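Okay, so the sequence shown: first residue is -3 according to my numbering, each after it adds one. Quick reminder that beta carbons are idealized off the backbone N, C-alpha and C, glycines included. Quantities reported herein were computed from a predicted structural model and do not represent experimental measurements. Worksheet: the structure to be examined is printed underneath.
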Amino acid sequence: MNDPGHALITITQRPDTVFSHGQGAWLTDESGKRHLDLVQGWAVNSLGHSPALITQALLAQSQRLLNPSPAYYNRPLLDLAGRLVELSCFDRVFLASSGAEANEAAVKLARRWGSRRRGGAHEIIGFEQAFHGRTLAMMSASGKPGWGEIYAPMPTGFTKARLNDIASVERAMTLHTAAVMIELVQGEAGVVVADPGFARELRALTAERGVLLIADEVQTGIGRCGHAFAYEHFGIEPDVMTLAKGLGGGVPLAALLCKEEFNCFAPGDQGGTFCGNPLMAAVGLAVVNEVCREDFLAGVRERAAQLSAGLQAIARDHGLVGERGLGLLRALVLPTNVAAEVVAAAQALEPVGLLLNAPRPHLIRLMPALNISPAEMDEGLALLRRALGDVLR
Ligand SMILES: *Cc1c(COP(=O)(O)O)cnc(C)c1O
């Protein structure tokens, strides 16, 4: 038995394949086999694998300045923060390295604000099935079944409501509620899109009760859903937002954004060694400048329509339940729990494989590069058809 991961602490089941290089929509393994990649690092590689734009940003910035320390300003940090403020409804930005870290910062900000302005309000209402990351507090904030127990005792002060059920949010609210934290499209839960009417009711309810609305856009932000930020689709403005995944286009970069009135950290309340380092910020700026152009976003919406139509046709032909999603974050719903088999069959296709993700036993999630070409999208759909045919036959 030659297990390539024998020296690693086991955290997940991985196929034996070792990937060696990628370009655009394609990922090549050490045997030389090519795979069309519709996972893209879990919606991380907004511009596909190894885009020239990121290579250039990394090279230029690494020759200029790697890390002056978070105690000093650097130009990419200031420019990326300024650009995010220009593009969004927010006024202030804190940069971090992962989605969980940005979400922790959002919860800290909400609790700081609660302690200063709301008489010690500190509770955070989240949603069943939600995913906010893997730190202890974010496991408490998430609504994944079982996550309250495996590392007990867990940080407290997190309660749960049900998505698209405004009465459940009202019931969860107390005098101690500081914030409601929501994924407008629940990614890990299986691409469950919030109802726009619910999103507007939630915005009105939180405003009326003086409770912060935090949008976790770690997966949905930076073009993924066809807009710079998914909240635009829902016609609401959150008070606080977090970004990660697509923001760095493949490098570790995250952000917390807030409106001026919630900009309430005192010096020393929040920070981190790599927060705002110029190397990652320079990449983020290059990604944001490319992805958040209106013509680029229009292209994302066109590819999303193509993917949605293709998935609907597949669902029809195979008698499946259907597809759902927003922009280029979509899921195909299978009639039985065969998603893992479909993922394996897709990767095993010859001569080229297809990389898919199964966030739930009956669900295939598709998160292609935002700049995937129409021909590559058609090829991906054709490969998916073949893999489904092999499994469902
Ligand atoms: C991936 C994800 C996170 C966690 O991000 P990490 O970078 O893995 O810490 C948080 N929230 C959402 C919605 C995510 O999809």
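Helix, strand or coil at Asp313 [DSSP, three-state]: DSSP places Asp313 in helix when its eight states are reduced to three.
Anything with a beta carbon under 5 Å from a heavy atom of ligand 1 counts; list them all in chain order. Any residue whose Cβ sits closer than 5 Å to a heavy atom of ligand 1 makes the list: Ser94, Gly95, Ala96, His128, Gly129, Glu179, Gly183, Asp212, Val214, Gln215 and Ala240.
Exposure label - Gln182; buried when at least 16 CB within 10 Å: With 16 or more neighbouring CB atoms inside 10 Å of its own CB, Gln182 falls in the buried class.
Is there contact between the region 245 to 264 and the region 347 to 355, where contact requires at least three CB pairs shorter than 8 Å? No: fewer than three Cβ pairs fall under 8 Å.
Give me the Cβ distance between Asp212 and Ile162, rounded to the nearest whole Å; I'm assuming they're in contact under 8 Å. With a Cβ gap of about 19 Å, Asp212 and Ile162 do not count as contacting.
Quick check: the Cα distance between Leu180 and Leu54, rounded to an integer number of angstroms? Going from the Cα of Leu180 to the Cα of Leu54 covers about 32 Å.
Once DSSP output is grouped into helix, strand and coil, what is the label at Ser164? It is helical.
Work out the CA separation of Gly267 and Val284 for me, nearest whole Å. Approximately 23 Å, taken between the alpha carbons.
Examine the Cβ distances between the region 154 to 173 and the region 185 to 198 and report whether three or more of them are shorter than 8 Å. Touching, yes.
For Glu346, count neighbouring C-beta atoms within 10 Å of its own C-beta (all shown protein chains included) and say buried if the count is 16 or more, exposed if not. Around the beta carbon of Glu346, fewer than 16 other beta carbons lie within 10 angstroms, which makes this residue exposed.
Use the C-beta contact count for Ser42: other C-beta atoms within 10 angstroms, 16 or more gives buried, fewer gives exposed. So Ser42 counts as buried.
Contact under 8 Å by Cβ, Gly122 with Ser111: Going by C-beta atoms, Gly122 is not nearer than 8 Å to Ser111.
Distance, Cα to Cα, His2 vs Leu388? Inter-residue distance for His2 and Leu388 is about 34 Å (C-alpha atoms, whole angstroms).
Whose C-beta lies closer than 6 Å to the C-beta of Ala300 among residues of the same chain, with five residues either side of it excluded? Excluding sequence positions up to five before and after Ala300, its CB lies within less than 6 Å of the CB of Gly222, Gly323 and Leu324, all in the same chain and listed in chain order.
Can you grab the Cα-Cα spacing for the pair Ile310 / Ala365, in whole Å? Each residue's Cα considered, the two are about 21 Å apart.
Kindly indicate the opening and closing residues of the alpha helix (DSSP H) around Arg383. First, the residue type needs correcting, since residue 383 is Ala and not Arg in the sequence shown. That run of the alpha helix (DSSP H) goes Pro370 to Leu388.
Please say whether Cys288 and Phe90 have beta carbons closer to each other than 8 Å? Cβ atoms of Phe90 and Cys288: not closer than 8 Å.
Of all the options Thr216, Cys85 and Ala305, which has the alpha carbon lying nearest to the alpha carbon of Pro370? The option with the nearest alpha carbon to Pro370 is Ala305.
Can you tell me where the alpha helix (DSSP H) holding Ala335 begins and where it ends? First-last of the alpha helix (DSSP H) with Ala335: Ala335 to Ala344.
Return the chain-ordered ranges of every alpha helix (DSSP H) run that is complete within the region 108 to 149 and spans a minimum of 4 residues. List check, alpha helix (DSSP H) in window: 132 to 137.
In chain order, what residues of the same chain have a beta carbon less than 6 Å from the beta carbon of Ile210, not counting five sequence neighbours either side? Same-chain partners within the cutoff: Ala102, Ala175, Met177 and Val236.
Straight-line CA distance for Val348 to Met363? Rounded to the nearest whole angstrom, the CA to CA distance from Val348 to Met363 is 18 Å.
Identify the residues that DSSP records as bridge partners of Leu362: which are they? For Leu362, which the question treats as bridged, DSSP gives the partners Arg326.
Would you list the residues sitting across from Met169 in a DSSP beta bridge? Within the DSSP secondary-structure output, Met169 pairs in no beta bridge.
Terminal residues of the beta strand (DSSP E) in which Val89 lies: Per DSSP, Val89 belongs to the beta strand (DSSP E) from Arg88 to Ala92.
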